[in-house]
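Asker: Here you go, one structure.
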Amino acid sequence: MALVVAFWTSTMVSELFLDTQAVVAVKQTIARDGLLCLVIAMAATGGSGFALGKERKGRWIEEKKRRMPFIAGNGLLGKNFKAGLRLSGRLRAAPRI
3 MALVVAFWTS TMVSELFLDT QAVVAVKQTI ARDGLLCLVI AMAATGGSGF ALGKERKGRW
63 IEEKKRRMPF IAGNGLLGKN FKAGLRLSGR LRAAPRI
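If you want it as structure tokens, here you go:
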């Protein structure tokens with residue numbers, strides 16, 4: 003959550019108070035470094051949840067354990083990740099004002 007707040011705050015500050023080149027630099031940094039940080043954080047969250055849930059039993063727990071690989075794959079290969087990288091590429095290709 004702190005990463006998302008930091009991204010949002012830096013975007014708002016750059017959009018409101020800085021020039022176009024600074025806005026482009028902030029958004030490219032978020033797309034490049036921010037997505038990497040979010041992927042690492044999500045992997046750590048999934049790993050810790052798997053480790054903590056190893057001892058637990060029950061129908062709901064077993065169902066969730068079966069679903070999680072598909073959810074993780076969808077998150078990594080899904081449209082949101084690709085869309086972020088595609089938008090970053092378009093931002094780099096946009097003419098500078």
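In the working numbering, the protein residues as written are 3 to 99.
Even glycine gets a Cβ: it sits at the ideal position worked out from N, Cα and C.
Keep in mind that this is a model prediction, so the values were computed, not measured.
Which of the three DSSP states is assigned to R58 in this structure?
Answerer: The sequence position of residue 58 within the sequence shown is 56, counting from 1. Three-state result, R58: coil.
Asker: With DSSP collapsed to three states, give me the class of D21.
Answerer: Sequence index remark: in the sequence shown, residue 21 carries index 19 (1-based). In this structure, D21 counts as coil in the three-state DSSP scheme.
Asker: Could you tell me whether the region 52-69 touches the region 24-39, using the rule of 3 or more Cβ pairs below 8 Å?
Answerer: no
Asker: Would you identify the three-state DSSP class for M3, choosing helix, strand or coil?
Answerer: On the sequence shown, position 1 is the one that residue 3 refers to. In the structure shown, M3 sits in coil (DSSP, three-state: anything other than H, G, I, E or B).
Asker: Suppose you measure from the CA of M1 to the CA of V26; what does that come to, to the nearest Å?
Answerer: Given a span of 3 to 99 for the chain in the structure shown, any question on residue 1 remains unanswerable.
Asker: Inspect the beta-carbon positions of G91 and A74 and report whether they are closer than 7 Å.
Answerer: Residue 91 sits at position 89 when you count from the first residue of the sequence shown. Residue 74 sits at position 72 when you count from the first residue of the sequence shown. Their beta carbons are not under 7 Å apart, which means G91 does not touch A74 by this criterion.
Asker: Do you know offhand how far S16's Cα is from E64's?
Answerer: Here residue 16 refers to the residue found at position 14 when the sequence shown is read from its first residue. Here residue 64 refers to the residue found at position 62 when the sequence shown is read from its first residue. In a straight line, the C-alpha of S16 is about 46 Å away from that of E64.
Asker: Is it buried or exposed, F52, if we count other Cβ atoms within 10 angstroms and call 16 or more buried?
Answerer: On the sequence shown, position 50 is the one that residue 52 refers to. The residue in question, F52, is exposed, as its Cβ has fewer than 16 Cβ neighbours within 10 Å.
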